[in-house]
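When we follow this note's numbering, the leftmost residue of the sequence shown carries the number 89, and every step to the right adds one.
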Amino acid sequence: MTTVAEILKSKPDAQVHCVAPSDTVLAALRLMAEKHIGALLVMEGEQIAGIFTERDYARKVVLLGRASVDTPVREVMTRAVRFVHPSHSAEQCMALMTENRLRHLPVVDEGRVVGLVSIGDLVKSVISEQQFIITEMERYITGAR
C-alpha cells in the first residue's frame, strides 16, 4: 500500500497552511477559501496547538451564533490533534480517520510538521493504486506484457 510520504510527493501543493491561535476565525476562513482547503493547522511557533476545520466552524461558531470577525481560532479549534508519520500507509490513515471521524491528519517527522493529508488525498491514492492493479491484471489475463 502507498505510504504517506508518497502521497505527499504526489500532491500538486504540499504546502501546509497555518494560522496562529490568536488569529480570528474570519482570517482563517479567508485563507481556507483562498487556498481551497478544508483545514488549517494552528501553530504556536513550531508546535501544533490544534487544527481548525470547516466542521469546527459549523459546530462551534455558526451553530452557537458566534461572530467569526472577533472570535479567536484558539477558542474553537480542535486541540486533540491526531497525526501520522511519513512511513504510515494510506490504509493506516484511513483506519485512524474512520475510527476518530477525522478528515485531515498532520504528518509529523522527527517532531516537525512536513505535510497534511486529507481524506480526498487518500481516496485519490487508493483509486490510483486500484487502477494500476486492474491494468496489470488485465495485461496478465490477456497475455500482454
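Note that beta-carbon positions come from the ideal geometry of N, C-alpha and C, so glycine has one too. Owing to the predicted nature of the structure, the values given are computational and were not obtained by experimental measurement.
Cutoff 7 Å; reference residue i; Cβ partners in own chain excluding five residues on either side
{"i": "residue 178", "result": "89, 90, 95, 210, 213, 214"}
{"i": "residue 182", "result": "210"}
{"i": "residue 149", "result": "113, 156, 159, 164"}
Where residue i falls: helix, strand or coil (DSSP)
{"i": "residue 200", "result": "strand"}
{"i": "residue 184", "result": "helix"}
{"i": "residue 231", "result": "coil"}
{"i": "residue 166", "result": "strand"}
{"i": "residue 128", "result": "strand"}
{"i": "residue 205", "result": "strand"}
{"i": "residue 150", "result": "helix"}
{"i": "residue 137", "result": "strand"}
Among the options, nearest to residue i - alpha-carbon criterion
{"i": "residue 139", "options": "123, 101, 158, 116", "result": "116"}
{"i": "residue 173", "options": "166, 119, 197", "result": "197"}
{"i": "residue 188", "options": "150, 170, 202", "result": "170"}
{"i": "residue 136", "options": "227, 226, 200", "result": "200"}
{"i": "residue 105", "options": "225, 219, 124", "result": "124"}
{"i": "residue 130", "options": "194, 146, 147", "result": "194"}
{"i": "residue 134", "options": "226, 153, 108", "result": "108"}
Sequence-distant residues of its chain with Cβ nearer than 8 Å to residue i (five each side left out)
{"i": "residue 127", "result": "120, 139, 140, 141, 142, 191, 192, 204, 206"}
{"i": "residue 112", "result": "156, 157, 158, 159, 160, 161"}
{"i": "residue 144", "result": "164, 165, 166"}
{"i": "residue 180", "result": "172"}
{"i": "residue 228", "result": "none"}
{"i": "residue 132", "result": "108, 109"}
CB contact check: residue i to chain C, cutoff 8 Å
{"i": "residue 96", "result": "The chain inventory of the structure shown lacks chain C, comprising one protein chain alone."}
Close-in-space but distant-in-sequence residues of the same chain around residue i (CB under 6 Å, 5 per side omitted)
{"i": "residue 202", "result": "195"}
{"i": "residue 93", "result": "174"}
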